[in-house]
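Top to bottom, those sequences are chains A and B.
To convert, take the position in the first sequence, counting from 1, and add 24; that gives this note's numbering.
To convert, take the position in the second sequence, counting from 1, and add 1003; that gives this note's numbering.
Worksheet: the structure to be examined is printed underneath.
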Amino acid sequence: MFKTFFEGIVKNNPVLVLAIGLCPTLAVSTSAFNALGMGAAVIFVLTFSNLIVSSFRKVIPDSLRIPIFIIVISTFVTIVDYVMKAYLPGLSKNLGVFVPLIVVNCIILGRAEGFAYKNPVGKAILDGLGSGIGFTLAIFIMGTIREILGQGTWMSIPGGFEGFKVLGQGFLNYPVLFMILPPGGFLVIAFLMGGMRYFEARRSA
Amino acid sequence: MSLFLLFLSAFLVNNIVLMRFLGLCPFFGISSKLDTAVGMGMSVIFVMVLSSVITWFLYQYILMPLNLVFLRTAAFILVIASLVQFLEIYFKKAIPGLYSALGIFLPLITTNCAILGVAFLNIDYGHSLIQTLVYSIGVSLGFTLALVLMAGIRMRIDNAPVPDAMKGLPIAFITASLMALAFLGFQGFLGLSL
């Protein structure tokens, strides 16, 4: 049972191993807090869409399944979008168009089609949580690296907590600005992915 | 702001793939051969312009007057998915030549977040119909440019000695990083900014 849960986190990590859901991963990981917010939104949508798809899997006709999945997913995405706009306006502004775009995130449709549609409710929920946490972990690691190097802080919240000064005051004045610009995002994920493959190859050798 | 500046901003300065991170899945998935990259680019230009205009009308004349703005996400994705399906059937019947060139890419476009993203951005920026048209043409040309450049570079990289762990996607990401760095050079070009 728990194999389903952990598989999504490490062995089949959606971002670093399967390379899906890349757009939000790169766009939103400019700070650790934004990354966590995006991760939480994806976990919510993924778990509930898996729950609904799996509980109705016997009545959903095969030929209409994709449009039905999309409607289920977009319902939860709309809920997240409006709740975030109401209670976390700063975060919502930072994530911008990427919150409604969760609806076309391949991870969510992929899990609905590939897992929830064929498995019982309990397993589907665990799978949703596992893949969601795997996504959050990857995006959070990226957000942490990019924020610390690019801004000198960690976990700073727009309009609130100013963040831990990990690399000291001097670094704050001259951060590696490159890291929070778009090219830095591509570079960080390249080395994370390469590093993961390197250790995987060494372990199995 | 003139339409020409809007076009340049969408095409180069705020390149949808390299600066905005939209449409990355096809960018890395379909960029290993030059001719498939061109085919994908053409389909994206066609679908993006059409879907932007349709969703603009849908939003302005149906969702807004009826006070159904909260249905935006669901309505847009359904319209785009059915538009793609419709185009596929139409091409198959009416223009078989075009279908054999673009056909295999059409189903993939539904999950291309650049298409839906541009539909949302047009609404968020408050574009008029003409601006929507120009913006979506600029964005889709920018997507095609980035995709074709990437495919050309990746065909060369195939012959280069790359460390085992970095083969395939990781080296493609590094390539994209350098391309994005080059595109950053367009910042401030004609007074445009990110």
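Here a beta-carbon is modelled for each residue, glycine too, at the ideal position from N, C-alpha and C.
Asked                                                                                                                                                                         : Found
By the three-class DSSP mapping on this structure, what secondary structure does F188 of chain A have?                                                                        : strand
Which residue's Cα is closest to the Cα of F77 of chain A: A:N36, A:F68 and A:F93?                                                                                            : Here residue 77 of chain A is Val; the residue named in the question, Phe, does not match the sequence. For V77 of chain A, the nearest C-alpha among the options comes from A:F93.
Between G1026 of chain B and the rest of its own chain, which residues show a CB-CB distance below 7 Å, the 5 nearest in sequence each way excluded?                          : I1019, V1020, N1115, C1116, A1117 and F1146
According to DSSP, which residues form a beta bridge with W1059 of chain B?                                                                                                   : Paired residue(s): none; W1059 of chain B is not in a bridge.
For M217 of chain A, return the contacting residues in chain B, with the cut-off set at a CB-CB distance below 8 Å.                                                           : L1172, P1173 and F1176
According to a CB-to-CB cut-off of less than 8 Å, which residues of the stretch 205-229 of chain A neighbour chain B?                                                         : L205, P206, P207, G208, G209, F210, L211, I213, A214, F215, M217, G218, G219, R221, Y222 and A225
With a CB to CB cut of under 8 Å and the five nearest residues on each side skipped, what residues in its chain are close to L1101 of chain B?                                : F1094
Which residues of chain A have a Cβ atom closer than 7 Å to the Cβ of G1120 of chain B, listed in chain order?                                                                : V121 and L125
With 16 other CB atoms within 10 Å as the buried threshold, where does P188 of chain A fall?                                                                                  : Strictly speaking, residue 188 of chain A in this sequence is Phe, with Pro absent from that position. Exposed.
Output yes or no for whether 8 Å exceeds the beta carbon distance between G32 of chain A and V39 of chain A.                                                                  : no
What are the boundary residues of the alpha helix (DSSP H) that I1134 of chain B is part of?                                                                                  : Strictly speaking, residue 1134 of chain B in this sequence is Gln, with Ile absent from that position. Looking at the DSSP string, the run of the alpha helix (DSSP H) that includes Q1134 of chain B is L1132 to I1160.
For the pair the stretch 97-109 of chain A and the stretch 122-130 of chain A, tell me if three or more CB-CB distances fall below 8 Å.                                       : yes
8 Å is my cut-off, CB to CB: does L133 of chain A come that close to chain B?                                                                                                 : yes
Of all the alpha helix (DSSP H) runs that stay within the bounds of the stretch 54-111 of chain A, which reach a length of 4 or more residues?                                : 56-79 and 89-111
Along chain B, which residues have their Cβ under 8 Å away from the Cβ of T99 of chain A?                                                                                     : A1077
Got a sec: is the Cβ-Cβ distance from V169 of chain A to anything in chain B below 8 Å?                                                                                       : Before going on, a small fix: residue 169 of chain A reads as Ile here, not Val. I169 of chain A does not count as touching chain B.
Measure from the alpha carbon of L1053 of chain B to the alpha carbon of each residue in B:I1133, B:F1192 and B:M1153, then state which is nearest.                           : B:I1133
Determine, using beta carbons only, whether F185 of chain A and L60 of chain A come nearer to each other than 8 Å.                                                            : no
At the level of alpha carbons, what is the spacing between L1150 of chain B and F1014 of chain B?                                                                             : 13 Å
Please confirm if A1149 of chain B has its CB atom under 8 Å from at least one CB of chain A.                                                                                 : no
Within its chain, find whatever has a CB closer than 6 Å to the CB of I129 of chain A; leave out the 5 residues flanking it on each side and keep chain order.                : The residue you asked about is not Ile; residue 129 of chain A is Asn in the sequence shown. Cβ within range, chain order: G45.
Please list, in chain order, the chain A residues whose beta carbon lies closer than 8 Å to that of F1123 of chain B.                                                         : V121, P124 and L125
So if I threshold CB-CB distances at 7 Å, which residues from the stretch 1034-1056 of chain B count as touching chain A?                                                     : none
With distances taken between CB atoms, is the gap from I97 of chain A to I157 of chain A smaller than 8 Å?                                                                    : no
Taking only beta-carbon atoms, is I1080 of chain B less than 8 Å away from chain A?                                                                                           : yes
For F1189 of chain B, which residues from the same chain have a beta carbon less than 6 Å from its beta carbon, with the 5 sequence-adjacent residues on both sides left out? : L1015 and V1016
Using a Cβ cut-off of 7 Å, which residues of the stretch 1089-1120 of chain B contact any Cβ in chain A, in chain order?                                                      : T1114, C1116, L1119 and G1120
What whole-angstrom Cβ distance do I1057 of chain B and V1082 of chain B have, given they're in contact under 8 Å?                                                            : 6 Å
Nearest by alpha-carbon distance to L42 of chain A: which of A:S79, A:G134, A:F29 and A:L119 is it?                                                                           : A:G134
If you check the beta carbons only, do P206 of chain A and F1024 of chain B fall under 8 Å apart?                                                                             : yes
Measuring CB atoms only, is the stretch 213-227 of chain A touching the stretch 187-202 of chain A, in the sense that at least three cross pairs come out at less than 8 Å?   : no
Between D1127 of chain B and chain D, is there a C-beta pair that is closer than 8 Å?                                                                                         : Absent here is chain D; the protein component of the structure consists of chains A and B.
Closer than 9 Å by beta-carbon distance: list the chain B residues that pair up with L191 of chain A, in chain order.                                                         : Chain B residues near L191 of chain A: none, gap ~22 Å exceeds 9 Å.
Of the residues B:L1008, B:F1031, B:L1037 and B:F1079, which one's Cα is nearest the Cα of V1158 of chain B?                                                                  : According to the sequence shown, residue 1158 of chain B is Met rather than Val. Nearest option by C-alpha distance: B:L1037.
Only counting the same chain, and skipping five residues up and downstream in sequence, which positions put a Cβ closer than 6 Å to that of L1197 of chain B?                 : Here the model assigns L1197 of chain B a pLDDT of 46, short of 50, so the residue's position is not dependable, and the following value carries that caveat. Nothing listed; no residue qualifies.
Within 8 Å (strictly less), CB to CB, does A1013 of chain B reach chain A?                                                                                                    : no
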